[in-house]
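Undergrad: Its first residue numbered 24, the sequence shown is counted upward by one per residue in the working numbering. Glycine included, C-beta positions come from ideal geometry on N, C-alpha and C. Just dropping this structure here.
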Amino acid sequence: MTYQLPRRDMFKLAGGAFAGAWLLSGCGNSGGGSSSGVEYWGAFPTPETEEYFRSQFIDTFNESSGHSVSMSTKQLTDLASLTDTAVSSGNAPDIIYSPGPSTSVNYAQGLKTLELDDYATEYGWEDRLLPWATQLSRVDDRIHSVPTSYGSMVLYYNRAVFEDNGWTPPTTKAEFEDLCEDADSKGMIPVGAGNSGYPAQSEWYLTCLLNAGLGPHFLYDVLTGDRDWSDPVVVDLFKSMKSQLDKGWWGGGADRYFTNTDPDMCTGLATGDVAMYMSGTWSFSSMGSFFTDSGNDPEDWDWAPLPSLADDVDPGVFPLAIGTALSIDSGSSDPDAAAAFLDHIMGDTTRSLEYLAVQGENPPPVAYEASDFPEDTDPRVQRLYEEIPASTNLGYASWTFLPPETNTALYTEFDKVITGDLSPEEYAAVLDSTFHQELGSGASPAPFTPQ
24 MTYQLPRRDM FKLAGGAFAG AWLLSGCGNS GGGSSSGVEY WGAFPTPETE
74 EYFRSQFIDT FNESSGHSVS MSTKQLTDLA SLTDTAVSSG NAPDIIYSPG
124 PSTSVNYAQG LKTLELDDYA TEYGWEDRLL PWATQLSRVD DRIHSVPTSY
174 GSMVLYYNRA VFEDNGWTPP TTKAEFEDLC EDADSKGMIP VGAGNSGYPA
224 QSEWYLTCLL NAGLGPHFLY DVLTGDRDWS DPVVVDLFKS MKSQLDKGWW
274 GGGADRYFTN TDPDMCTGLA TGDVAMYMSG TWSFSSMGSF FTDSGNDPED
324 WDWAPLPSLA DDVDPGVFPL AIGTALSIDS GSSDPDAAAA FLDHIMGDTT
374 RSLEYLAVQG ENPPPVAYEA SDFPEDTDPR VQRLYEEIPA STNLGYASWT
424 FLPPETNTAL YTEFDKVITG DLSPEEYAAV LDSTFHQELG SGASPAPFTP
474 Q
């Protein structure tokens with residue numbers, strides 16, 4: 024099958040707030056890579072990001088490692104499909120890009136990628152990576168990929184608008200609903216939402232709903248098959264969101280949902296037409312531009328952890344998401360050099376955080392100290408990467424922890440719920456059937472155990 028680019032990169036191409044993770048994949052000759060060195064493709068949101076990556080990652084590696092890596096830049100819209108075609112045809116590159124664990128699991132199960140345990144020991148990857156990230160890298164208890172960027176979902180808001188209305192970021196279900204009612208009464212869209220230009224955008228909101236409405240422990244039971252997607256608690260959560268959509272709380276209602284774009288919602292947040300927006304941390308790098316372009320102060324955007332959307336769920340959950348996972352082709356002519364480059368990418372805290380500070384690109388999932396961050400790092404960005412490792416309220420982004428067919432059904436079938444062509448009960452039944460088929464085949468990434 025063909026895998027999509029991560030949600031942040033696809034919506035960049037649709038004109039959205041371009042996101043957080045640089046993307047890498049191999050580019051190779053038939054038989055797995057080139058005998059003259061490691062080859063791969065890179066895809067970047069801007070020419071400036073590409074130039075920065077080339078000078079700070081490619082050139083520094085070639086100058087210091089004794090190995091040779093060359094990069095060919097491709098379009099973001101082509102990267103995932105080109106990689107998938109190359110892997111399927113046996114002409115895979117040295118370094119194989121995946122937009123998350125579910126894709127890398129499929130490659131590993133198809134014997135397309137190397138086991139990396141020896142390299143992980145040599146370079147100390149397990150000591151550096153956060154435990155949940157190491158767990159996601161394993162297939163049948165063997166490491167097959169290295170996560171090189173991660174982020175989460177948060178609630179964006181406009182500080183000036185909140186101050187003018189006497190609001191504070193909601194933490195409970197009651198506070199969230201009260202703010203939605205107040206914003207709606209003032210002619211605002213309470214919660215930005217829509218999927219025009221990028222249909223999978225609905226998975227952002229559903230990820231927030233599932234984590235904030237079920238909590239990590241309940242959702243873990245669903246992801247492991249101990250509870251069903253058709254559980255009444257899950258169905259009631261879908262009913263609640265459908266009811267809020269019908270009220271116009273999400274995106275202004277069903278009649279506007281399918282025409283709203285991500286830039287529309289970010290601009291609305293800046294102008295005060297949208298009260299809140301639940302989106303990914305990939306927007307850290309570009310949210311300020313929507314404020315500047317609309318004549319507002321870019322210092323006014325801010326974020327808060329997600330509120331609880333159920334009375335028995337703790338507020339402040341961080342749904343974790345791997346943006347990029349890199350593997351080594353099983354037919355690579357120089358796997359040692361490829362592994363050395365993987366370590367060069369994710370093993371230097373200073374280099375990773377400089378990339379975050381200068382280009383806004385999400386860093387690898389390792390623990391960072393406050394002193395690690397460059398002085399010019401946006402404090403709003405730094406706060407996220409200090410809070411997540413310290414939090415015990417960690418959840419699961421759909422595109423990272425769901426198998427591919429289930430994740431596709433999550434957002435495609437939800438469109439039918441919005442239009443009324445599918446009931447929440449029927450929607451849950453579709454998810455349940457699809458998920459259990461994939462769970463039985465071993466295609467589902469193993470979720471970490473919640474704390």
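At the level of alpha carbons, what is the spacing between Leu332 and Ser302?
TA: The residue given as residue 332 occupies position 309 in the sequence shown. The residue given as residue 302 occupies position 279 in the sequence shown. C-alpha separation (whole angstroms): 16 Å.
Undergrad: Determine, using beta carbons only, whether Val245 and Asp259 come nearer to each other than 9 Å.
TA: Here residue 245 refers to the residue found at position 222 of the sequence shown. Here residue 259 refers to the residue found at position 236 of the sequence shown. Cβ atoms of Val245 and Asp259: not closer than 9 Å.
Undergrad: Enumerated in chain order, which unbroken segments of the alpha helix (DSSP H) with a length of 4 residues or greater are wholly contained in the segment 278-312?
TA: Whole alpha helix (DSSP H) segments, 4+ residues: 285-294.
Undergrad: Return helix, strand or coil for Gly463, following the three-state DSSP convention.
TA: Numbered from its first residue, the sequence shown carries residue 463 at position 440. In this structure, Gly463 counts as helix in the three-state DSSP scheme.
Undergrad: Determine the closest residue to Val92 out of Glu62, Gly311 and Glu73, with distance taken between C-alpha atoms.
TA: Position 69 of the sequence shown holds residue 92. Checked all of Glu62, Gly311 and Glu73; the closest Cα to Val92 is Glu62.
Undergrad: Express the C-alpha separation of Ser414 and Ser175 in angstroms, rounding to a whole number.
TA: One-based indexing of the sequence shown puts residue 175 at position 152. One-based indexing of the sequence shown puts residue 414 at position 391. Spanning the two alpha carbons is a distance of roughly 13 Å.
Undergrad: From the DSSP output, in three-state form, read off Ile351 for me.
TA: Counting from 1 along the sequence shown, the entry for residue 351 is found at position 328. If DSSP states are grouped into helix, strand and coil, Ile351 belongs with the strands.
Undergrad: Buried or exposed, going by whether 16 or more other CB atoms sit within 10 Å of the CB of Gly133?
TA: For this step, residue 133 is matched to residue 110 along the sequence shown. That one is exposed.
Undergrad: In the DSSP output, what is Asn181 paired with across the bridge?
TA: Position 158 of the sequence shown holds residue 181. Answer by DSSP bridge pairing, in chain order: Trp324.
Undergrad: Have a look at Gly49 and Gly276 and give me their C-alpha separation to the nearest angstrom.
TA: For the purposes of this step, residue 49 is taken as residue 26 along the sequence shown, with counting starting at 1. For the purposes of this step, residue 276 is taken as residue 253 along the sequence shown, with counting starting at 1. A caution first: Gly49 carries a pLDDT of 35, below 50, which makes its placement in the model unreliable, though a value can still be read off. Answer to the nearest angstrom: the Cα atoms are 42 Å apart.
Undergrad: Check the Cβ-Cβ distances between Asp117 and every residue of chain B, and say whether any is below 9 Å.
TA: Absent here is chain B; the protein component of the structure consists of one chain.
Undergrad: Using the Cβ count rule (16 or more neighbours within 10 Å means buried), how would you classify Val214?
TA: On the sequence shown, residue 214 is found 191 positions in, with the first residue counted as 1. Val214 is buried by the Cβ-count criterion.
Undergrad: Apart from the five residues on each side of it in sequence, which residues of its chain come closer than 6 Å, Cβ to Cβ, to Pro426?
TA: As a position in the sequence shown, residue 426 is number 403, starting the count at 1. Only Ser125, Glu461, Ala466 and Ser467 meet the Cβ criterion.
Undergrad: Secondary structure at Trp45, three-state DSSP: helix, strand or coil?
TA: Taking the first residue of the sequence shown as position 1, residue 45 is located at position 22. With a pLDDT of only 37 at Trp45, under 50, the local geometry of the prediction cannot be trusted, and no value is derived from it.
Undergrad: By Cβ distance below 6 Å, which residues in the same chain neighbour Gln224 in space, the five residues on each side in sequence not counted?
TA: Taking the first residue of the sequence shown as 1, we reach residue 224 at position 201. Closer than 6 Å at the Cβ level, and outside the excluded window around Gln224, lie Asn218.
Undergrad: For Glu398, does the count of other Cβ atoms within 10 angstroms reach 16, so buried, or fall short, so exposed?
TA: If you number the sequence shown from 1, residue 398 lands on position 375. By the neighbour-count rule (16 or more Cβ atoms within 10 Å), Glu398 is not buried but exposed.
Undergrad: Can you list, in chain order, the residues of its chain with a C-beta nearer than 6 Å to that of Tyr142? Leave out the 5 residues immediately preceding and following it.
TA: As a first step, residue 142 is located in the sequence shown; it is residue number 119 there, counting from the start. For Tyr142, where only same-chain residues beyond five positions count, the Cβ hits under 6 Å are Ala362.
Undergrad: Helix or strand or just coil, what does DSSP make of Gly54?
TA: Against the sequence shown, residue 54 aligns to sequence position 31. Low local confidence applies: a pLDDT of 41 at Gly54 is under 50, so the model's placement there is unreliable, with the coordinate-based value given in what follows. Three-state result, Gly54: coil.
Undergrad: Alpha carbon to alpha carbon, how far is Val440 from Phe314?
TA: On the sequence shown, residue 440 is found 417 positions in, with the first residue counted as 1. On the sequence shown, residue 314 is found 291 positions in, with the first residue counted as 1. Spanning the two alpha carbons is a distance of roughly 33 Å.
Undergrad: I'd like the ranges of any beta strand (DSSP E) spanning at least 3 consecutive residues and lying wholly in the segment 109-158.
TA: Runs of the beta strand (DSSP E) inside the segment 109-158: 118-121.
Undergrad: Give the single residue among Arg161, Tyr391 and Ala298 whose Cα lies nearest to the Cα of Asp207.
TA: In the sequence shown, the residue the question calls residue 207 occupies position 184. Closest by alpha carbon: Ala298.
Undergrad: For Arg165, is the classification buried or exposed, using 16 other Cβ atoms within 10 angstroms of its Cβ as the cut-off for buried?
TA: Taking the sequence shown and counting its residues from 1, the one referred to as residue 165 is at position 142. By the 10 Å Cβ count, Arg165 comes out exposed.
Undergrad: Run through DSSP, which three-state label would Tyr450 get?
TA: Counting from one through the sequence shown, the residue named residue 450 turns up at place 427. Residue state, collapsed to three classes: helix.
Undergrad: I need the straight-line Cα distance from Phe458 to Gly189, nearest angstrom please.
TA: Here residue 458 refers to the residue found at position 435 when the sequence shown is read from its first residue. Here residue 189 refers to the residue found at position 166 when the sequence shown is read from its first residue. Spanning the two alpha carbons is a distance of roughly 43 Å.
Undergrad: Closer than 8 Å by C-beta to Asp320: which residues in its own chain qualify, once you throw out the five before and the five after it? Chain order, please.
TA: Sequence index remark: in the sequence shown, residue 320 carries index 297 (1-based). Only Ala183 and Phe314 meet the Cβ criterion.
Undergrad: Pop quiz: Tyr300 and Met288 are said to be a contact at Cβ under 8 Å. What is the actual Cβ separation, rounded to whole angstroms?
TA: Along the sequence shown, read from residue 1 onward, the residue named residue 300 stands at position 277. Along the sequence shown, read from residue 1 onward, the residue named residue 288 stands at position 265. Rounded, the Cβ-Cβ distance is 5 Å, consistent with contact.
Undergrad: Please list, in chain order, all residues of the same chain as Phe396 whose beta carbon is under 6 Å from its beta carbon, the five residues on each side excluded.
TA: Locating residue 396 in the sequence shown gives position 373, counting from the first residue. Correct list, in chain order: Leu376 and Gln405.
Undergrad: Are Met94 and Gly113 close, meaning C-beta to C-beta below 9 Å?
TA: Translated into the one-based positions of the sequence shown, residue 94 becomes position 71. Translated into the one-based positions of the sequence shown, residue 113 becomes position 90. It is not a contact, given that the beta carbons lie outside the stated cut-off.
Undergrad: For Lys97, I'd like the list of residues in its chain whose CB is within less than 6 Å of its CB, leaving aside the five on either flank, ordered along the chain.
TA: Taking the first residue of the sequence shown as 1, we reach residue 97 at position 74. These residues qualify, in order along the chain: Trp64 and Ala66.
Undergrad: Where does Glu392 sit, in a helix, a strand or coil, going by DSSP?
TA: Taking the first residue of the sequence shown as 1, we reach residue 392 at position 369. Coil at Glu392, not helix or strand.
Undergrad: In angstroms with no decimal places, state the Cα-to-Cα distance between Ala360 and Asp107.
TA: Residue numbering aside, residue 360 sits at position 337 when the sequence shown is read from its first letter. Residue numbering aside, residue 107 sits at position 84 when the sequence shown is read from its first letter. Their backbone Cα atoms lie some 22 Å apart in a straight line.
Undergrad: May I have the straight-line CA-CA distance separating Asp335 from Phe341, to the nearest angstrom?
TA: Reading the sequence shown from its first residue, position 312 is the one you call residue 335. Reading the sequence shown from its first residue, position 318 is the one you call residue 341. Those two C-alpha atoms are separated by around 17 Å.
Undergrad: Go through its chain and collect everything with a Cβ distance to Asp325's Cβ below 7 Å, but skip five positions before and after it.
TA: What you label residue 325 is simply residue 302 of the sequence shown in a count that begins at 1. Correct list, in chain order: Tyr180, Arg182 and Arg403.
Undergrad: Thr372: which of Asn234, Glu138, Pro386 and Val381 sits nearest, CA to CA?
TA: If you number the sequence shown from 1, residue 372 lands on position 349. With distances taken between Cα atoms, Thr372 lies closest to Pro386.
Undergrad: With 16 as the cutoff for other CB atoms within 10 Å, does Thr191 come out buried or exposed?
TA: Translated into the one-based positions of the sequence shown, residue 191 becomes position 168. Classification of Thr191: exposed, given that the 10 Å Cβ count is below 16.
Undergrad: Considering just the uninterrupted stretch of the beta strand (DSSP E) at Thr96, what are its terminal residues?
TA: The residue you call residue 96 lines up with position 73 of the sequence shown. Here the beta strand (DSSP E) through Thr96 covers Val92 to Thr96.
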